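Numbering (UniProt numbering), first residue to last: 1 to 543. Positions of the beta carbon are idealized from the N, C-alpha and C atoms, including for glycine. Being a predicted model, the structure only gives us computed values, none of them experimental. The structure appears below as structure tokens.
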């Protein structure tokens, strides 16, 4: 019996040795890694790693590189390199965690056990409290906790990422995950070196696979998330749920806010702008750790904190409108109870145009609401009104407000002002109607202004015109508006309608002819900013 156990034990040892040998042969032939010679090894120092270790120099791969020739392992010590490769290539980063409930020590321990020389950095918003403890006798010098809080006494280099990310690759991990399969990391390495422009993701067990397309339109302050089509399910712009994410360090360092929260949501907004795709490894999953946020109190704290961080993120990134994958639209800009998103306009050129942006979508939507409200009131009191200036131009182009416009202009027969209650009352002072809109006489001249609210001052301007010898004229003119001029009354006899801001609004007849009289030939087809002498419309833009 004893000899039988000895033979069995020796057989197991032989099988394990043979398996390791086969693994090395496979990785040696498949792993696209490029090792610097031992003589050229670099010792890494600084906050991220205070101990000597071998560094792999990974070339930047262009499309025309001879990848097969360039990606050969040279000067390798076979079995040592199999296990040392992730230690030398990767820095593990943990960013998304909460001080009041976490599983960070066990998460870090699981990675450190498998990859004992891998640098591990935890980036926190502030100095963690209670403190995070990673005993040096267990973890060595590899684990670094970095507070990103600013302070008058802190050195400028204290939060510079390049001091902590000194490897070729970064592996982002969520809290409470376990590294039980080294094959996950080696597979991610292979994928990322096969497609260097991509990132690679592996979901955590139990998480739904949510591959999303993401359109980031900063000019229009908008994010649009969509479920990826079946043909594109392996390459996403954003990936939902908890997952591991690997990226080239050069890509991470090139981003403006790579550690912004919520993470990696904030990171994906930035990479989507750069057309970086996420490749999903579907045949592997990372294991879960301890279940977190088991009490309703802590779940509510997490929800509130995530909402606050997302709001701050959208403010910093200039996002006002988000289309969710299910079709829901969420707004993150101004409302009736808050001021509009831009200051007083100077020289007919709003500040957002200088930022290479157009009118914030919340302001446009509030302006549409105001315009529709004014149209309805004027129609109820049978006042003869029509779209004027840039508003009529927007209606002719795309049946909406011009994307960079900041008000709506309307003409009305002066004789009809007294027959309309709110027009008449506005002559006496500012009044709030039953819908919460404020009517007042404008300070710039003889016309009426209707604001979205007393606080939010996006507005519709109503200009009273009267006929004089068959020509429509008024008492207030703006020299800075070349289109502000008299016109023959026959354009108003009869009035027509045109789709504008979601409703049919009254308009002059022969709209194109009317606009070319005001603005010049070809104005409908040739978009311009309000003051082209000051800021020209970019040739590459499309309205």
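Residue i, DSSP secondary structure in three states
i, result
"residue 70", "Annotation note: pLDDT 33 at residue 70 (below 50); position unreliable, coordinate value reported separately. Three-state result, residue 70: helix."
"residue 175", "coil"
"residue 235", "strand"
"residue 138", "helix"
"residue 563", "No information on residue 563 is available, as it lies outside the stretch 1 to 543 that the chain covers here."
"residue 548", "No answer is possible for residue 548: the residues shown for the chain start at 1 and end at 543."
"residue 443", "coil"
"residue 48", "Residue placement at residue 48 is flagged as unreliable, the pLDDT there being 39, under the threshold of 50; the coordinate-derived value follows with that caveat. Residue state, collapsed to three classes: coil."
"residue 91", "strand"
"residue 546", "Residue 546 lies beyond the residue range present for the chain, which begins at 1 and ends at 543; the question has no answer from this structure."
"residue 159", "helix"
"residue 378", "helix"
"residue 503", "strand"
"residue 557", "In the structure displayed, the chain extends from 1 to 543; residue 557 sits before or after that span and is not available."
"residue 473", "strand"
"residue 533", "coil"
"residue 215", "strand"
"residue 418", "helix"
"residue 510", "coil"
"residue 361", "helix"
"residue 370", "helix"
"residue 297", "helix"
Spatially closest choice to residue i from the options, by CA coordinates
i, options, result
"residue 107", "532, 100, 92", "92"
"residue 174", "105, 449, 355", "105"
"residue 211", "94, 440, 189, 236", "236"
"residue 348", "122, 536, 113", "536"
"residue 102", "188, 169, 299, 166", "299"
"residue 424", "163, 411, 448, 408", "448"
"residue 257", "314, 428, 522, 523", "314"
"residue 386", "500, 427, 255", "500"
"residue 164", "115, 250, 228, 226", "250"
"residue 472", "366, 138, 296, 412", "412"
"residue 355", "515, 318, 332", "318"
"residue 459", "136, 276, 365, 205", "365"
"residue 118", "137, 87, 94", "87"
"residue 221", "430, 184, 269, 234", "269"
"residue 85", "94, 138, 187, 217", "187"
Buried versus exposed call for residue i [16 or more other C-beta atoms within 10 Å across all chains shown]
i, result
"residue 160", "exposed"
"residue 191", "buried"
"residue 513", "exposed"
"residue 127", "exposed"
"residue 534", "exposed"
"residue 149", "exposed"
"residue 361", "buried"
"residue 466", "exposed"
"residue 461", "buried"
"residue 324", "exposed"
Pairwise C-alpha distance: residue j and residue i
i, j, result
"residue 178", "residue 372", "56 Å"
"residue 490", "residue 267", "58 Å"
"residue 96", "residue 293", "14 Å"
"residue 133", "residue 154", "22 Å"
"residue 215", "residue 223", "6 Å"
"residue 152", "residue 284", "46 Å"
"residue 289", "residue 456", "48 Å"
"residue 507", "residue 388", "8 Å"
"residue 391", "residue 406", "10 Å"
"residue 351", "residue 219", "13 Å"
"residue 410", "residue 338", "25 Å"
"residue 120", "residue 156", "22 Å"
"residue 528", "residue 110", "60 Å"
"residue 403", "residue 359", "6 Å"
"residue 130", "residue 99", "7 Å"
"residue 176", "residue 291", "7 Å"
"residue 282", "residue 271", "21 Å"
"residue 328", "residue 341", "22 Å"
"residue 124", "residue 305", "14 Å"
"residue 168", "residue 89", "5 Å"
"residue 414", "residue 321", "39 Å"
"residue 336", "residue 252", "39 Å"
"residue 194", "residue 522", "51 Å"
"residue 254", "residue 184", "26 Å"
"residue 136", "residue 206", "33 Å"
heavy atom of the ligand COA below 7 Å from residue i C-beta
i, result
"residue 131", "For the ligand COA, the structure offers nothing, since it holds no ligand at all."
CB contact check: residue i to chain B, cutoff 8 Å
i, result
"residue 379", "No chain B is part of this structure, which consists of one protein chain only."
*Indicate whether the contact test is met: 3 or more Cβ pairs, each with one atom in the stretch 137-153 and one in the stretch 206-222, closer than 8 Å.*
no
*Are there three or more Cβ pairs, one per stretch, closer than 8 Å when the stretch 432-447 is compared with the stretch 393-403?*
no
_Cβ contact (3+ pairs, closer than 8 Å) linking the stretch 181-201 and the stretch 240-257_ = yes
*Taking three-plus beta-carbon pairs below 8 Å as touching, is the stretch 257-264 in contact with the stretch 308-328?*
yes
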